[in-house]
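To keep things clear, I will list the structure first and then write my remarks on it.
Protein chains: 2
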Amino acid sequence: MKQDRILLAHGGGGSLTHELIERLFAPAFGMKELEDSAVVEFAGQRLAFTTDSYVVKPYFFPGGDIGKLAVCGTVNDLAMQGAQPLWLSLGMILEEGLPIADLERIVASIKAAAADVGVKIVTGDTKVVERGKCEGLYINTAGIGRVIADVSSTRVRPGDAVIVNGNLGEHGVAVLSRREGIAFQTSVISDCAPLWSLVQSALISGAEIHAMRDPTRGGLAVTVCDIAAASGVGIRLQESALPIGAEVRGACDLLGLDPLTIANEGKVVMVCRGADAGRVLDAMRGHPLGRDARVIGEVTEKPKGMAMLRTAIGGERIIDVPTGEDLPRIC
Amino acid sequence: MKQDRILLAHGGGGSLTHELIERLFAPAFGMKELEDSAVVEFAGQRLAFTTDSYVVKPYFFPGGDIGKLAVCGTVNDLAMQGAQPLWLSLGMILEEGLPIADLERIVASIKAAAADVGVKIVTGDTKVVERGKCEGLYINTAGIGRVIADVSSTRVRPGDAVIVNGNLGEHGVAVLSRREGIAFQTSVISDCAPLWSLVQSALISGAEIHAMRDPTRGGLAVTVCDIAAASGVGIRLQESALPIGAEVRGACDLLGLDPLTIANEGKVVMVCRGADAGRVLDAMRGHPLGRDARVIGEVTEKPKGMAMLRTAIGGERIIDVPTGEDLPRIC
Numbered sequence: 037m038k039q040d041r042i043l044l045a046h047g048g049g050g051s052l053t054h055e056l057i058e059r060l061f062a063p064a065f066g067m068k069e070l071e072d073s074a075v076v077e078f079a080g081q082r083l084a085f086t087t088d089s090y091v092v093k094p095y096f097f098p099g100g101d102i103g104k105l106a107v108c109g110t111v112n113d114l115a116m117q118g119a120q121p122l123w124l125s126l127g128m129i130l131e132e133g134l135p136i137a138d139l140e141r142i143v144a145s146i147k148a149a150a151a152d153v154g155v156k157i158v159t160g161d162t163k164v165v166e167r168g169k170c171e172g173l174y175i176n177t178a179g180i181g182r183v184i185a186d187v188s189s190t191r192v193r194p195g196d197a198v199i200v201n202g203n204l205g206e207h208g209v210a211v212l213s214r215r216e217g218i219a220f221q222t223s224v225i226s227d228c229a230p231l232w233s234l235v236q237s238a239l240i241s242g243a244e245i246h247a248m249r250d251p252t253r254g255g256l257a258v259t260v261c262d263i264a265a266a267s268g269v270g271i272r273l274q275e276s277a278l279p280i281g282a283e284v285r286g287a288c289d290l291l292g293l294d295p296l297t298i299a300n301e302g303k304v305v306m307v308c309r310g311a312d313a314g315r316v317l318d319a320m321r322g323h324p325l326g327r328d329a330r331v332i333g334e335v336t337e338k339p340k341g342m343a344m345l346r347t348a349i350g351g352e353r354i355i356d357v358p359t360g361e362d363l364p365r366i367c
Numbered sequence: 037m038k039q040d041r042i043l044l045a046h047g048g049g050g051s052l053t054h055e056l057i058e059r060l061f062a063p064a065f066g067m068k069e070l071e072d073s074a075v076v077e078f079a080g081q082r083l084a085f086t087t088d089s090y091v092v093k094p095y096f097f098p099g100g101d102i103g104k105l106a107v108c109g110t111v112n113d114l115a116m117q118g119a120q121p122l123w124l125s126l127g128m129i130l131e132e133g134l135p136i137a138d139l140e141r142i143v144a145s146i147k148a149a150a151a152d153v154g155v156k157i158v159t160g161d162t163k164v165v166e167r168g169k170c171e172g173l174y175i176n177t178a179g180i181g182r183v184i185a186d187v188s189s190t191r192v193r194p195g196d197a198v199i200v201n202g203n204l205g206e207h208g209v210a211v212l213s214r215r216e217g218i219a220f221q222t223s224v225i226s227d228c229a230p231l232w233s234l235v236q237s238a239l240i241s242g243a244e245i246h247a248m249r250d251p252t253r254g255g256l257a258v259t260v261c262d263i264a265a266a267s268g269v270g271i272r273l274q275e276s277a278l279p280i281g282a283e284v285r286g287a288c289d290l291l292g293l294d295p296l297t298i299a300n301e302g303k304v305v306m307v308c309r310g311a312d313a314g315r316v317l318d319a320m321r322g323h324p325l326g327r328d329a330r331v332i333g334e335v336t337e338k339p340k341g342m343a344m345l346r347t348a349i350g351g352e353r354i355i356d357v358p359t360g361e362d363l364p365r366i367c
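Keeping their order, the protein sequence lines are chains A and B. Quick note on the numbering used here: the first sequence kicks off at 37 and runs consecutively. Quick note on the numbering used here: the second sequence kicks off at 37 and runs consecutively.
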């Protein structure tokens, strides 16, 4: 490790997060890939298992709260592995002084989100820490799902199409708009949503889907860089095709952020056989969360392991994995 | 809820923790019992699923650290359900400024503890929060196991024997001895240990084991009160039979704590058919973690749902569930 202390950037989802995983966690635990979930075999069937901690600040934000996020985020990690979400665990770390009314509202939100996706919260744990030692509450959810499709960031091939189901950057901008010290006026609300039913409709459409990732921490930039690296292919995104709303663009300009690096919590980047793109788009557009689905790029042979952006004026630039220093903590 | 804000006692493992679960979480998520793990059916087999967050302060303590604790605690929750631990998830919340060397030591400790019990860490997540917003690091582990025995706090019957595998109160006292502000001299080290192989040897001994619980937060007091309430029986502990070391007794006197309420992290309270107590003791004593196993009490018909302590001088007192206010945070 280059640093001798943990930096905020180690949690940003960029290259410093990758370094932490690759140099510390992966060697210790023998993890090979940076997939969203592990797949193990139990009683002869494939089971997906994943975990995420949620430390979003503030814990209520436009379009959701930390409870909804904690359900959607983990359910989506299972969905990205082609797994039907079945059960969640719920670990809460509460700050002394947290208003019970806030906790009740968050629990109601967890209940609603779980019911929405048909997943059951079956086990839980609560700890309380002294005032000031967390920010209201931190939540961990782990999830178990049943794998019904073979998808992996390593299965992407030249000729594949890159599809996203709608507008980018809305979760990150919505959270930032309420952040102490930088609050600004916007009507952007978080896209936080459970993606399983959308993903399922694409999976059963008959299309050959190779990989799925939800562009959360580090945004679309990290997602396409990860897939390009895992499959040893080039990914070329068309800037003109990227669905980014005017308000998100404006907020990014204001804050000096690249919309490609802003987190989403209700988006899936799906990579399928090029010839099947229409089938995936049809399936997605028939679902409320996929009405704005579109092809945003293609997979090429070269440059191997890299993602490029074809700009609106005809140029091309490399999409870099951000270090994480410029990525706000939004999940 | 009687309070309108979260108190430290809500996390103490006593009656306020119970209130939080019974009034808020259980109604929202339809949880029926306060078992350590959920049991669900996957592919026709019973799977146990559990979660725990660890916020122990300080994160290094005599006999272990937060990493070892995070593996043992979750593995033990699975074991208490009669489940062989198979896989763990690892969610880390790191504080900005945490020395990487400390993190490396904790990761090594997680790795060693997992290898010791034969469980695999298959998925993980890392978040970083601003300096001061956690205490070095908080860890969540969720675990999956294969259920091989039918045990439940509701299956205890009059005539059963109550057994524990060794000295009580050592984890809590070891952690407190290093706590800022109240540090004191002691050679007590935490009993933190993975209990699965000990439990397994008792399970395969042929003894009829009805219930198992690890007396962590709230100690033996909460454990026996919970079991008595769940099974609608009386539990009578013999004070003279309780294995409590002189140093733990001394520390409890010093701090005004009841050793029955102090947390353990390497102890199991096993309730078996009275006639099978010898068989369980034999199995336990053949294992390094069970050499000091002994019968500490019996199950009676009355008083229904209550636990009593027969004191050394021949009296009897009710064992109360502490509210949690006097319980130090030690896990």
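The C-beta atom is built at its ideal place from N, Cα and C for all residues, glycine as well. These figures come from a predicted structure and were not determined experimentally.
CB contact flag (residue i, residue j, <9 Å)
i: A149/B; j: L114/B; result: no
i: I129/B; j: V165/B; result: yes
i: M67/B; j: G160/A; result: yes
i: A313/A; j: V260/A; result: no
i: F78/A; j: V158/B; result: no
i: E131/A; j: G168/A; result: yes
i: I180/B; j: I354/A; result: no
i: V224/A; j: G310/A; result: no
i: E301/A; j: L105/A; result: yes
i: Y95/B; j: Y174/A; result: no
i: G255/A; j: T297/A; result: yes
i: I251/A; j: V331/A; result: What sits at residue 251/A in the sequence shown is Pro, not Ile. Cβ distance not < 9 Å, so P251/A and V331/A don't count as in contact.
i: T336/B; j: P194/B; result: yes
Minimum C-alpha distance to residue i - residue among the options
i: A21/A; options: V107/A, P194/A and M128/A; result: This structure does not reach residue 21/A, given that chain A is present from 37 up to 367, and the question cannot be answered.
i: D196/B; options: T297/B, A264/B, I354/B and R141/B; result: A264/B
i: V111/B; options: D88/B, F78/B and P339/B; result: D88/B
i: R82/B; options: P98/B, Q221/B, Q120/B and R346/B; result: Q120/B
i: A62/B; options: R353/A, F65/A, I218/A and K156/A; result: K156/A
i: R249/B; options: A45/B, R285/B, H46/B and V192/B; result: V192/B
i: S267/B; options: S188/B, S125/B and L60/B; result: S188/B
i: A74/A; options: D227/A, M116/A, G103/A and A299/A; result: M116/A
i: G172/B; options: G281/B, N201/B and E140/B; result: E140/B
i: K93/A; options: G48/A, R182/A and L212/A; result: L212/A
i: P98/A; options: H323/A, L325/A and G208/A; result: G208/A
i: E244/A; options: T177/A, C308/A and G49/A; result: C308/A
i: G326/B; options: V316/B, L122/B, M37/B and V335/B; result: V316/B
i: I376/B; options: M320/B, K104/B and A45/B; result: No statement about residue 376/B is possible, as the shown extent of chain B runs from 37 to 367 and does not include it.
i: R285/A; options: N203/A, A45/A, D138/A and R330/A; result: N203/A
i: L56/A; options: I349/B, D40/B, P135/B and Q39/B; result: P135/B
i: A277/A; options: E334/A, A219/A, T190/A and K163/A; result: E334/A
i: D356/B; options: G103/B, D328/B, L52/B and M37/B; result: L52/B
Residues that residue i contacts on chain B, provided the C-beta gap is smaller than 9 Å
i: V357/A; result: Result: empty, since nearest Cβ-Cβ is about 16 Å, beyond 9 Å.
Partners in chain B for residue i, counting only beta-carbon separations shorter than 7 Å
i: C1/A; result: Limits of chain A in this structure are 37 at one end and 367 at the other, which puts residue 1/A out of reach.
i: P135/A; result: D40 and R41
i: M37/A; result: I136
i: V91/A; result: I129, K163 and V165
Where residue i meets chain B, residues with beta-carbon distance less than 8 Å
i: V143/A; result: L60, F61 and A64
Contacts that residue i makes with chain A (C-beta to C-beta distance below 8 Å)
i: H46/B; result: L130, T162 and V164
i: K147/B; result: A64 and F65
Contact set between residue i and chain A, taken where Cβ atoms lie within less than 7 Å
i: T159/B; result: S73, A74, F85, T86 and T87
i: E140/B; result: L60
i: T53/B; result: T162
Partner residues on chain A for residue i, Cβ-Cβ distance less than 9 Å
i: V335/B; result: Going along chain A, no residue has its Cβ under 9 Å from V335/B, so there is no contact; the nearest lies around 27 Å.
Mind listing, in chain order, the continuous beta strand (DSSP E) runs of no fewer than 3 residues lying wholly within the region 198 to 232 of chain A? Runs of the beta strand (DSSP E) inside the region 198 to 232 of chain A: none found.
Taking Cβ-Cβ distances below 7 Å as the criterion, which residues of the region 57 to 87 of chain A are in contact with chain B? Listed by position, the residues of the region 57 to 87 of chain A near chain B (Cβ gap below 7 Å) are L60, F61, A64, F65, S73, A74, V76, F78, A79, G80, Q81, L83, F85, T86 and T87.
Entirely enclosed beta strand (DSSP E) segments - the region 47 to 80 of chain B, minimum 3 residues: Complete beta strand (DSSP E) runs here, min 3: 74 to 78.
Segments of 3+ residues assigned as beta strand (DSSP E) that fall wholly inside the region 112 to 184 of chain A: Counting only runs of 3 or more, we get 119 to 131, 156 to 165 and 173 to 183.
Counting only runs of 3+ residues fully inside the region 292 to 332 of chain B, write out the beta strand (DSSP E) ranges in chain order. Correct list: 305 to 308.
To be precise: take each residue of the region 173 to 193 of chain A, compare its Cβ to all Cβ atoms of chain B, and keep it if any distance is under 8 Å. Which residues remain? The region 173 to 193 of chain A vs chain B, Cβ under 8 Å: Y174, N176, A178, I180 and R182.
Residues of the region 114 to 129 of chain A with a CB closer than 8 Å to any CB of chain B: list them in chain order, please. Residues of the region 114 to 129 of chain A with a C-beta less than 8 Å from any C-beta of chain B: L122, W123, S125, L126, G127, M128 and I129, listed in chain order.
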